[in-house]
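Residue numbers (the working numbering): -14 to 186. Just below is one structure, and these are the notes that go with it.
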Amino acid sequence: MNRGWIGLAIIVIIILAIGGWVAGTYNTLVALDQQVQSQWGTVESVYQRRADLIPNLVATVKGVANFEKSTYIAVANARAKVGQVTVNAGPNAYNNPAAFSQFEQAQAGLSSALARLLVVVENYPDLKANQNFLDLQSQLEGTENRIAVERRRYNEVAQQFNTTRLSFPTTIVAGFFGDRFNQKPYFKAQEGAQNAPKVNL
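Shown next as structure tokens:
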């Protein structure tokens, strides 16, 4: 009888230990996932700040320099595409590699259109002396720097999550929860980023 109770006690202890380990692993994954989610929100907010600056920048350029409409149209179309992709991707794009890739490509398209706008502006000395334009340009430069910083921070927390999630035996626990703990995609440098035109005018 004593041996039966001892055996049962050992089984209960093993079950509790395994249950405690699974709960601890789950909670660790939740905490890391929340860090990624929080950082993703910060990335979205700095991109939104850039999108909010663009209409003022374009209006200022239009007011001082009267050059080809195609440049304005390219910027407007790229900004609209970013808005559409952001809505379609939703707040969980960091959990969906395809949505994440669309988001990143749309932002890269907007960056490219802005770079073209700022390169064309170099032909207009009056615009480069306009205080309103200089203020907007400074805000845009600061926002671009902030985007780079927040993308790097996002990659750091995504790497921490992915490393933990892919470690054995944590990967077994993560597998029980389906898509809840998908690997997180990373921001990558745009093709030709090393040759991108500078914003400084």
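Don't be surprised by glycine CBs; every beta carbon is placed ideally from N, CA and C. From a predicted model like this one, the values you see are computed outputs, not experimental measurements.
{"Asked": "Ordered list of beta strand (DSSP E) runs contained in the stretch 108 to 133, each at least 3 residues", "Found": "none"}
{"Asked": "DSSP three-state assignment for Tyr79, whether helix, strand or coil", "Found": "helix"}
{"Asked": "CB contact flag (Ala36, Val15, <8 Å)", "Found": "no"}
{"Asked": "Residue environment, Val21, which counts as buried when at least 16 other CB atoms sit within 10 Å", "Found": "buried"}
{"Asked": "Status (buried if at least 16 other CB within 10 Å, exposed otherwise) for Ile39", "Found": "buried"}
{"Asked": "Which of helix, strand or coil DSSP assigns to Phe162", "Found": "coil"}
{"Asked": "Alpha carbon of Ser97 to alpha carbon of Ala91, nearest angstrom", "Found": "10 Å"}
{"Asked": "Where Ser152 sits in the DSSP three-state scheme", "Found": "coil"}
{"Asked": "Exposed unless 16 or more other CB atoms sit within 10 angstroms - verdict on Lys47", "Found": "exposed"}
{"Asked": "Test item: CB-CB of Leu121 and Leu42 under 8 Å", "Found": "yes"}
{"Asked": "Touching by the beta-carbon criterion (3+ pairs, under 8 Å), the stretch 141 to 151 and the stretch 2 to 18", "Found": "yes"}
{"Asked": "Alpha-carbon to alpha-carbon, Asp18 and Thr128", "Found": "26 Å"}
{"Asked": "Under the three-state DSSP convention, the category Gly170 falls into", "Found": "Per the sequence shown, the amino acid found at residue 170 is Pro instead of Gly. If DSSP states are grouped into helix, strand and coil, Pro170 belongs with coil."}
{"Asked": "Separation of Gly160 from Asn180, as counted between CA atoms", "Found": "Any answer about Asn180 is weak, because its pLDDT of 47 lies below 50 and its placement is not dependable; what the coordinates show is given next. The alpha-carbon atoms of Asn180 and Gly160 are separated by roughly 42 Å."}
{"Asked": "Check whether Thr56 and Asn117 have beta carbons under 8 Å apart", "Found": "no"}
{"Asked": "CB-CB length for Gln24 against Tyr139, believed under 8 Å", "Found": "5 Å"}
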